[in-house]
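S.K.: As numbered in the UniProt record's numbering, the sequence shown has no gaps in its residue numbers, which increase by one up to the final residue, 223.
Yeah, the Cβ is synthetic: ideal placement off N, Cα and C, and Gly gets one too.
These figures come from a predicted structure and were not determined experimentally.
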Amino acid sequence: MNFAKLLARLNQTTVRYDIGMGGRPELTAQDIAAALGLVQPGIGRDLMEMIWWPEGAKLRIAYLNAVLTEMQLVEHNRREQAMYSALAGVAVGPLGEERIRAHSAYSHAHSRRWPAWIKRLDPLEVAEGYEGIRATVLLELARPRHCQTCEGRGEIFKRDLVVACARCEGSGTREFGPTWRAEQMGMTEQAFKKTWEGPYLWLLDRLRGELEKAENSLRGALA
Numbered sequence: 001m002n003f004a005k006l007l008a009r010l011n012q013t014t015v016r017y018d019i020g021m022g023g024r025p026e027l028t029a030q031d032i033a034a035a036l037g038l039v040q041p042g043i044g045r046d047l048m049e050m051i052w053w054p055e056g057a058k059l060r061i062a063y064l065n066a067v068l069t070e071m072q073l074v075e076h077n078r079r080e081q082a083m084y085s086a087l088a089g090v091a092v093g094p095l096g097e098e099r100i101r102a103h104s105a106y107s108h109a110h111s112r113r114w115p116a117w118i119k120r121l122d123p124l125e126v127a128e129g130y131e132g133i134r135a136t137v138l139l140e141l142a143r144p145r146h147c148q149t150c151e152g153r154g155e156i157f158k159r160d161l162v163v164a165c166a167r168c169e170g171s172g173t174r175e176f177g178p179t180w181r182a183e184q185m186g187m188t189e190q191a192f193k194k195t196w197e198g199p200y201l202w203l204l205d206r207l208r209g210e211l212e213k214a215e216n217s218l219r220g221a222l223a
């Protein structure tokens, strides 16, 4: 069971603090709110609230966007610094095997660079792709595509046994592909794959990891 779904009971249209509301009747909205308070504050908890308790998270959307922007910028700068450090290794003019290693390191670091953060200085304009990534990744996390094989349950019957769905690896969801992601970002699939897929997958993986940690923490608090 995804215990994070219980946060939906805290939304204003359904919240009652004196009784349970379906599912596990022993858990009231007050119990769930108390358990949420035990989850360490951070990006994972913010994401969990955004997905399952939008009424409670709506005042933090601007803050969440600022945090994601900072995450992207820090990683962008880290990759730039790695590239320039590798370039310095080439510039000193190493010989023999050192030269081969230096050029290989530079080539690798250069291939991992992200698109320029600043599109124009005067007036200042940030590349719109980074904003598109933030919005689309959040949408993908909030509205996952259900696996058609298990119909979102994560389990199937096989020879009279209940087993994890192999197609979705028990998650009940399937990833959206580059076509959908490109459409959401307002660009061609070719442009997405060539320029923005790397930064997109980096942020998606980071946020999934943080969300999973928060969900596990909530599960432990409700156990």
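#1: Suppose you measure from the CA of Glu-189 to the CA of Trp-52; what does that come to, to the nearest Å?
#2: Looking only at C-alpha atoms, which of Gly-220, Leu-64, Glu-75 sits nearest to Ala-116?
#3: Please report the Cβ distance between Leu-73 and Val-137, rounded to the nearest whole angstrom; I am assuming they are in contact, meaning their Cβ atoms lie under 8 Å.
#4: Kindly provide the ranges of any alpha helix (DSSP H) runs that are 4 or more residues long and lie completely inside the stretch 153-221, ordered along the chain.
#5: Assuming Leu-211 and Leu-121 make a contact with CB atoms under 8 Å, what is their CB distance in whole Å?
#6: Pick from Trp-180, Arg-159, Ala-166: whose alpha carbon is nearest that of Arg-145?
#7: Please report the distance separating the alpha-carbon of Ala-105 from that of Lys-119.
#8: Check Pro-28 in the structure and name its three-state DSSP category.
#9: Got a sec? Which residues, its chain only, sit under 8 Å from Lys-213 by beta carbon, not counting five neighbours each side?
#10: Quick check on DSSP: helix, strand or coil for Glu-140?
#11: Extract the residue ranges of the alpha helix (DSSP H) inside the stretch 63-151, only unbroken runs of 4 or more that lie entirely within it.
#12: With a threshold of 16 other CB atoms inside 10 Å of the CB of Leu-161, please say whether the residue is buried or exposed.
#13: Going by CA-CA distance only, name the one from Ala-221, Gln-184, Gly-220 that's closest to Tyr-130.
#14: Go ahead and label Val-39 buried or exposed: buried means 16 or more other beta carbons lie within 10 angstroms of its beta carbon, across all protein chains shown.
#15: Is there contact between the stretch 167-180 and the stretch 145-159, where contact requires at least three CB pairs shorter than 8 Å?
#16: If we call anything under 8 Å between Cβ atoms a contact, is Arg-9 one with Leu-68?
#17: Kindly list the residues whose CB is nearer than 7 Å to the CB of Gly-154, restricted to its own chain and excluding five residues on each side of it in sequence; keep chain order.
#18: So, with DSSP's three-state summary, where would you put Trp-53?
#19: Measure the alpha-carbon distance for Ile-100 versus Trp-114 and round it to whole angstroms.
#20: Would you kindly check if the distance between the Cβ of Ala-86 and the Cβ of Ala-109 is under 8 Å?
#21: As a quick exercise: from Ala-191, Glu-97, Asp-205, pick the residue whose alpha carbon is nearest that of Glu-175.
#22: From Gly-22 to Glu-151, what distance separates their C-alpha atoms?
M.R.: Put simply:
#1: Taking the sequence shown and counting its residues from 1, the one referred to as residue 189 is at position 189. Taking the sequence shown and counting its residues from 1, the one referred to as residue 52 is at position 52. Between the alpha carbons of Glu-189 and Trp-52 lies a distance of about 30 Å.
#2: In the sequence shown, the residue the question calls residue 116 occupies position 116. Residue Glu-75 is the option with its Cα nearest to Ala-116.
#3: Working through the sequence shown from its first residue, we reach residue 73 at position 73. Working through the sequence shown from its first residue, we reach residue 137 at position 137. The distance from the Cβ of Leu-73 to that of Val-137 is about 15 Å, inconsistent with a contact at the 8 Å cut-off.
#4: For the stretch 153-221, whole alpha helix (DSSP H) runs of length 4 or above, ordered along the chain, are 178-185.
#5: Position 211 of the sequence shown holds residue 211. Position 121 of the sequence shown holds residue 121. Contact flag wrong, Cβ pair sits at about 36 Å.
#6: The count along the sequence shown starts at 1 and reaches residue 145 at position 145. Restricting attention to Trp-180, Arg-159, Ala-166, the CA atom closest to the CA of Arg-145 is found in Trp-180.
#7: Locating residue 105 in the sequence shown gives position 105, where the first residue counts as 1. Locating residue 119 in the sequence shown gives position 119, where the first residue counts as 1. Cα-Cα distance, rounded: 27 Å.
#8: Within the sequence shown, residue 28 is the residue found at index 28, counting from 1. Going by the sequence as given, residue 28 is Thr instead of Pro. Three-state result, Thr-28: strand.
#9: Sequence index remark: in the sequence shown, residue 213 carries index 213 (1-based). Exclusion of the five residues before and after Lys-213 leaves Gly-44 as the residues of its chain whose Cβ lies within less than 8 Å of its Cβ.
#10: Here residue 140 refers to the residue found at position 140 of the sequence shown. In this structure, Glu-140 counts as helix in the three-state DSSP scheme.
#11: Qualifying alpha helix (DSSP H) stretches, in chain order: 96-111, 128-142.
#12: Looking up residue 161 in the sequence shown gives position 161. It is exposed - the Cβ of Leu-161 has fewer than 16 other Cβ atoms within 10 Å.
#13: As a first step, residue 130 is located in the sequence shown; it is residue number 130 there, counting from the start. Selection Ala-221, Gln-184, Gly-220 evaluated against Tyr-130 yields Gln-184 as nearest (Cα-Cα).
#14: In the sequence shown, residue 39 corresponds to position 39, counting from 1. By the neighbour-count criterion, in which 16 or more other beta carbons inside 10 Å mark a residue as buried, Val-39 falls on the buried side.
#15: By the Cβ criterion, the stretch 167-180 is in contact with the stretch 145-159, since at least three pairs of Cβ atoms, one from each stretch, lie closer than 8 Å.
#16: Locating residue 9 in the sequence shown gives position 9, where the first residue counts as 1. Locating residue 68 in the sequence shown gives position 68, where the first residue counts as 1. Contact: no.
#17: Against the sequence shown, residue 154 aligns to sequence position 154. So the list reads Ala-164, Cys-165, Cys-168, Gly-170, Ser-171, Gly-172, once near-sequence residues are dropped.
#18: By one-based count along the sequence shown, residue 53 stands at place 53. Secondary structure of Trp-53 (DSSP, three-state): coil.
#19: Here residue 100 refers to the residue found at position 100 of the sequence shown. Here residue 114 refers to the residue found at position 114 of the sequence shown. Trp-114 has its alpha-carbon roughly 24 Å from the corresponding atom of Ile-100.
#20: The residue labelled residue 109 in the question sits at position 109 within the sequence shown. The residue labelled residue 86 in the question sits at position 86 within the sequence shown. Result yes, Cβ atoms of Ala-109 and Ala-86 sit closer than 8 Å.
#21: Position 175 of the sequence shown, counted from the first residue, corresponds to residue 175. The candidate whose alpha carbon is nearest that of Glu-175 is Asp-205.
#22: Residue mapping note: residue 22 aligns to position 22 of the sequence shown, counting from 1. Residue mapping note: residue 151 aligns to position 151 of the sequence shown, counting from 1. In this prediction, Gly-22 has a pLDDT of 48, which is less than 50 and means its spatial position is unreliable; what the coordinates show is noted afterwards. Roughly 21 Å separates the two Cα atoms.
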